[in-house]
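Colleague:
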Amino acid sequence: MAAVKHFLAWWNLENLFDVQDSPRRISWLQKELNNYLKGWTKEVLDKKLSNLGKIICQLNENRGPDLMGFCEIENRHVIELLVTKLAGLGRSYEIVHKDMSDQRGIDIAFIYDKAHFKLGSDPVFSLEIMKRTATRDLLQVTFKTKIKGNDLIIIGNHWPSRSAGQYESEPFRIMVGENLSYWLRRIAEIKGETMPVLLMGDFNDEPFNRSLTEYAMSVDNTVKISNARKPSADSHITVRVPYVYNLMWKLLGEGKFTFMFEGDGNLLDQFLVNRAIALPTGNRFKVESVNIIDNLAGLVKGEYKTPVKFGAPSMGSEYNELGYSDHLPIALVLAEE
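Just so we're aligned, residue 829 is where the sequence shown starts under my numbering, counting upward by one.
1. Suppose contacts are defined by Cβ-Cβ distances below 8 angstroms. Is Glu1116 in contact with Lys926 by that definition?
2. In chain order, what residues of the same chain have a beta carbon less than 6 angstroms from the beta carbon of Gly897, not counting five sequence neighbours either side?
3. Who are the Cβ neighbours of Thr1109 in its own chain at under 7 angstroms, not counting the five residues just before and after it?
4. Report all residues from its chain with a CB closer than 8 angstroms to the CB of Asn863; omit the five preceding and five following residues, and keep chain order.
5. DSSP on Pro1035, reduced to helix/strand/coil?
6. Just confirm the distance between the C-beta atoms of Ile1053 and Leu1079, as a whole number of angstroms; I'd bet it's less than 8 angstroms.
7. From the DSSP output, which residues share a beta bridge with Lys785?
8. So is Leu1150 buried or exposed if we call it buried at 16+ other beta carbons inside 10 Å?
9. Between the C-alpha atoms of Ser878 and Arg1068, what's the straight-line distance to the nearest angstrom?
10. Pairs of beta-carbons, one from the stretch 880-899 and one from the stretch 909-926, closer than 8 angstroms: are there three or more?
11. Determine whether the beta carbon atoms of Glu908 and Phe1138 lie at a separation below 8 angstroms.
12. Is the beta carbon of Ile923 sitting closer than 8 angstroms to the one on Arg904?
13. Can you look up Trp856 in the DSSP assignment and give me helix, strand or coil?
14. If you check the beta carbons only, do Ala1044 and Ser997 fall under 8 angstroms apart?
15. Would DSSP call Ile1120 helix, strand or coil?
16. Which same chain residues, not among the five before or five after Leu1127, have their C-beta less than 8 angstroms away from its C-beta?
17. Flag this pair as yes or no: are the beta carbons of Glu1165 and Arg1103 separated by less than 8 angstroms?
18. What residue from Trp1077, Arg1014, Glu902, Trp987 has the CA that sits closest to Thr1050's CA?
19. Are Leu1075 and Phe1099 closer than 8 angstroms when you measure CB to CB?
20. Count the other CB atoms, across all protein chains shown, that sit within 10 Å of the CB of Lys1175; report buried if there are 16 or more and exposed otherwise.
21. Rank Arg990, Gly1083, Arg1038, Gly1081 by C-alpha distance to the C-alpha of Phe1089 and give the top, closest one.
22. Is there a Cβ of chain B sitting closer than 8 angstroms to that of Asn1007, yes or no?
23. In the DSSP assignment, what residue or residues form a beta bridge with Cys899?
24. Rounded to the nearest angstrom, how far is the Cβ of Ile1015 from that of Val1025, given a contact under 8 angstroms?
25. Compute the Euclidean distance between the alpha carbons of Gly1144 and Val872, then round it to the nearest angstrom.
26. For the ligand MN, I want to know if His905 counts as a neighbour, meaning its beta carbon is within less than 7 angstroms of at least one of the ligand's heavy atoms.
27. Around the C-beta of Arg853, are 16 or more other C-beta atoms found within 10 angstroms, so that it is buried, or is it exposed?
28. Buried or exposed: which applies to Ser1039, given that a residue is buried once 16 or more other Cβ atoms fall within 10 Å of its Cβ?
29. Output yes or no for whether 8 angstroms exceeds the beta carbon distance between Gln836 and Leu1162.
30. Quick one: complete beta strand (DSSP E) runs, 3+ long, within the stretch 969-1055?
31. Run through DSSP, which three-state label would Ala1163 get?
32. Suppose you measure from the CA of Ala1056 to the CA of Val1072; what does that come to, to the nearest Å?
33. Please identify the residue among Asn888, Leu880, Gly933 whose C-alpha is closest to the C-alpha of Val911.
34. Beta-carbon separation of Asp1097 and Asp1030 under 8 angstroms?
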C-alpha cells in the first residue's frame, strides 16, 4: 500500500477568549480577565475567529489540516466556534480539549479530521506541572490513523512565558523540560521504543536554549539519537536516553521565526520527534517537510514578515481587527508507510 501523507499544524492563537461575560467562565477568572476583556464582544470574537479560519483554510494547499494543535484558547466553546469557520473545507473535525490549571485560564486543544484519525484506546490526559502554583499542563493524546491503523502519540506544549524576563523565568521552563523528558522515558518503558511520539507547541524558548537542549534532551541531528546508550547491564530497564530530534534547526539557520519581540525574531513554536520517527529506517512515520507559515496574504507585514496580531479592544492602538495572532503557524507533513 502506498504511503499516506498527513498534514499536521500548530498555532498559538493569541488570547482566544470567550466573550466578556461568558457564562462558561468561572468567577475568579472573570475578575482576572476583566480589564483585558473590556469591549471583547461577540462581534469582536466572531471577527477574530473569521480571520483565523481564513488562514487555517488556506493550509495544505487550501485543503486545511488533517490535524492541528492550538494554545491560548480559553475553553472548548471557542474551538467549536472556530471549527464552524472551517465548514467550507468539507471536513469532519472532532475536538480534543481538556480544562487545565493555568492561572489565566488558557488551554491546549486539538482538532482532527475523522477521515484521517480517530482516538486510540489510551485515555487523553494531561500532566500538571507545579511551580509555586500550577503552570500550563502538557496534553497527551494517542491518535490512531484511519487507513493504516497505526498509533501516534502527540503531546501539546505551552511552556511558561518569558513575561517576567527570559532568564528570570527560565527555571520554570527548565522544570517543564525535565518533566517532559521523564514522561518520554515512561512512554518508551510502557509502550516500547517503537511507539512514535510527536511534540508540538509554543515552548517559549528557542531550539538552542537550555530548557530544550539540556533538560528536554532535544538534539539537532539524529546521530546522537541513533547512538544513545542504554542503561548499565545490571538494570532491568532497556530504554535508551530519551533524546528527541528538534525539526526546527534548519529553519532557525535560515533566519526563520514564529514570534517577534522588540524587533527580534524568536523561533518559539516547534515540532520535535522521538527516535521512532526521527531515525531513517524501519519506522512507520517519516517527516517529509516542516515549514513556518509566513507566506499568506495579510498574515505578516514588513520586510521581516512580522506576525500581524489581533490584540483586543482594551489595548487601544494595538488592537487590529484585520489581524490574526502574535505567533505564526507551523506545519509538518508526516508520511505513513
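Heads up, the beta-carbon is just placed ideally off N, CA and C, and yes, glycines get one too. Note that this is a predicted model, so its numbers are computed, not measured.
Modeller: Taking the coordinates as given:
1. no
2. Trp838, Phe938, Gly984, Met1028
3. Excluding positions up to five away in sequence, the list is empty.
4. Ser1142.
5. In this structure, DSSP gives Pro1035 a state outside helix and strand, which the three-state scheme calls coil.
6. So it is not a contact: roughly 19 angstroms between Cβ atoms.
7. There is simply no residue 785 to check, as the chain begins at 829 and stops at 1165 in what is shown.
8. exposed
9. 46 angstroms
10. yes
11. no
12. yes
13. The DSSP-derived three-state label of Trp856 is helix.
14. no
15. strand
16. For Leu1127, where only same-chain residues beyond five positions count, the Cβ hits under 8 angstroms are Ile883, Ile1121, Pro1135, Val1136, Tyr1152, Leu1156.
17. no
18. Between Thr1050 and the set Trp1077, Arg1014, Glu902, Trp987, the nearest pair of CA atoms involves Trp1077.
19. yes
20. The structure shown does not extend to residue 1175, since the chain spans only 829 to 1165, so no value can be given for it.
21. Arg990
22. No chain B appears in the structure shown, which is made up of a single protein chain.
23. Asn840, Ile936
24. 6 angstroms
25. 14 angstroms
26. Judged by which ligands are present, the structure shown has none, so any question about the ligand MN falls away.
27. buried
28. Ser1039 is buried by the Cβ-count criterion.
29. One detail in the question is off: residue 836 reads as Leu in this sequence, not Gln. Yes.
30. 979-986, 1025-1030
31. strand
32. 11 angstroms
33. Leu880
34. yes
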